[in-house]
Amino acid sequence: MTTAAPTRSDGPSPMPPAEDTRSHGSISGRAARFAGLAALLLVTAVLYLWDLSASGYGNEFYAAAAQAGADNWTAFFYGSLDIGNQITVDKPPASIWLMALSVKLFGLNSWSVLVPQALLGVASVGVLYATVKRTSGHTAGLIAGAILALTPAAALMFRFNNPDALLVFLLVLASWFTVRAVEKGSWKWLAWAGVAIGFASLTKMLQAFVILPVLVAVYATAAPIRFRTRVWHLLGAAAAVVVSLGWWVAVVELVPESWRPYIGGSQTNSVLELIFGYNGLGRITGNQVGSVTGGGGGGAGGMWGETGITRMFDGVSGGMISWLIPAALMLSVMALVLLARTGRTSMERAQVILWAGWLVITALDEIRSAVSRRRPDPALNGASGRLLGQLLRFGGIGIASTAAYALLFWILAGPLGALYANVVALVVTAVANTAANRLLTFGIRGRDRLFGDHVGGLLAFGIGLILTTGSLWLMGTYWPDAARSVTLLVLCLANAVATVIRFVTLRFLFDHRAPGAPEPGTG
């Protein structure tokens, strides 16, 4: 008597359906990520290209060079200002090359001059997304790209034909290459980072070197290879920088002066003078002889506005992006604290060091540059003193608010839990903080616009809520067993960030209405 062997139909066969499910899930996940990225890039392109011709030819100085380069290859190579090759622009020609090729293909018009910069903006957003995504995932990459795309200063830069658009793209690209290099200790990716820095130098000379120490530090500290090997890789990348920049410099310096145009911005017809003069070390010392905006030791005013440390946090700049600087710095510190337990080769920590280092070193460069160019001005001293008084009063109120927040959170965390205690403490201190600053910091009395003032304060409160709630989420994800005191410390740091944002918001709302405030366009 024999027993028939069971057939495949006698029992379930779970493996093929499971594989199909995973496959479909993977495909749908990839499709969703692609759709998110496509939407980000499409919105960025619309923002940067919409009504682009409203800017005319942008900077006509560079537009003229693009026209000359489109009609004459010698002018193209040197970045000549005119087709007769009498003199070059006061920058290297890399950004001119892109515009000249566009003009050659599409003719001279506003769009052909400005579109290359707009497309560089879209590309910069895409590369930033790719860089952040490698470590922190799709959502974080989209957030990073959106912040860059929506930053007013970036939108202005990528809709204009100054060299900064190409410079920023190449620096973001160098950061992506560096992150790829750090992952496996790859000298090839690091060499490509050097090439990107070199061509960024062909865009705006030594300004491209500002973030170079940060890239070096990230690779030197986080690459998963021996220290000696890291050093050799960095030396190779340095050689790539020299070659990528040096080939054009060598040609310009070795060709007889009678065969080429005069180097604009230089005093001795030398590109080396331009590199190490006002376009290089002159931006550190403040000696910018040869600048098209007026040389010498700089000034307190001029076409670019007043200079000084407070320039970044006052007027137009403060409302456009500088409110984010203190928040980014303090959140970076919090991220490094949360990642303290990770190893030397942690890619998460490497990216925090990369972007925080970029922010710190460029901010320090801006402050140093502003101080070196500044001349004493009694009106500016009065404005700075007024700002200092506001900062001191706001700081005192902020300290009291933070202390009140900490006390309320400590009392309510037990019965309500951390999340609800955080919301209640923030609401109470936000209302009190706005009222106190309205009266004491900015001297606003009466009920005029009171509702709108508190709405502005609540907007800053909303940012604070996002920061503190996000901090709690990070703590729960990366440090779930942290003591209540550690959680309180992290929340206080986040609340301090929100306080800085509150100052910029309230100053924007109140300062022009305060007694003794200068009229718009004066002082």
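Residue numbers (the working numbering): 632 to 1154. Built from N, CA and C at the ideal position, the CB exists for glycine as well.
- Under the 10 Å beta carbon count, Gln-717 is surrounded by fewer than 16 other beta carbons and is classified as exposed.
- Note on geometry: alpha-carbon atoms of Pro-957 and Val-1131 lie some 7 angstroms from one another.
- In this structure, the alpha-carbon of Ser-832 lies about 5 angstroms from that of Ala-839.
- Residue burial annotation: Pro-855 is exposed, with fewer than 16 other C-beta atoms found within 10 angstroms of its C-beta.
- The criterion of a C-beta distance shorter than 7 angstroms is not satisfied by Trp-742 and Ser-806.
- Taking C-beta atoms as the reference points, Ala-697 and Ala-749 fail to come closer than 7 angstroms.
- Taking a cut-off of 8 angstroms on C-beta distances, the segment 759 to 779 does not touch the segment 819 to 827, as fewer than three cross pairs fall below it.
- Here Ser-901 carries a coil assignment [DSSP, helix/strand/coil].
- For Tyr-679, the three-state secondary structure derived from DSSP is helix.
- When only Cα atoms are considered, Tyr-688 and Asp-682 end up about 13 angstroms apart.
- Spatial neighbours of Ser-726 in its own chain (CB-CB distance under 6 angstroms, excluding positions within 5 residues in sequence) are listed in chain order as Pro-794, Leu-797 and Thr-834.
- Rounded to whole angstroms, the Cβ separation of Leu-1039 and Val-1059 is 6 angstroms, and the two are in contact under 8 angstroms.
- A contact is defined here as three or more CB-CB pairs under 8 angstroms, and the segment 702 to 720 fails this definition with respect to the segment 668 to 677.
- Minimum Cα-Cα distance from Leu-866 among the listed residues Arg-1069, Val-826 and Tyr-1051 corresponds to Val-826.
- Looking at the DSSP output, Ile-718 bridges to Tyr-893.
- Ser-684 has no beta-bridge partner at all, per DSSP.
- For Gly-1101, the number of other beta carbons within 10 angstroms of its own is below 16, and it is reported as exposed.
- Under the DSSP assignment, Leu-1057 falls in the alpha helix (DSSP H) whose first and last residues are 1049 to 1067.
- DSSP lists Thr-719 as the beta-bridge partner residues of Ser-711.
- Assignment of Thr-860 by DSSP, reduced to helix, strand and coil, places it in the helix class.
- When C-alpha distances from Arg-980 are compared across Val-991, Thr-993, Leu-990 and Met-965, the shortest belongs to Met-965.
- When the five nearest sequence neighbours on each side are left out, the beta carbons in the same chain lying within less than 8 angstroms of the beta carbon of Val-983 are those of Ser-963, Ala-966, Leu-967 and Leu-970, in order along the chain.
- Shown here, Trp-1110 sits in coil according to DSSP, grouped into three states, outside any helix or strand.
- Here Thr-1118 carries a helix assignment [DSSP, helix/strand/coil].
- Positions of the beta strand (DSSP E) runs, each at least 3 residues long and wholly inside the segment 711 to 781, cannot be given because no such run exists.
- In its chain, beyond the 5 residues on either side, no residue has a beta carbon closer than 6 angstroms to the beta carbon of Val-873.
- Non-local beta-carbon contacts of Thr-852 in its own chain, meaning distances under 8 angstroms to residues more than five positions away in sequence, involve Arg-975, Ala-981 and Ile-984 in chain order.
- Here Leu-787 is exposed, its C-beta having fewer than 16 other C-beta atoms within 10 Å.
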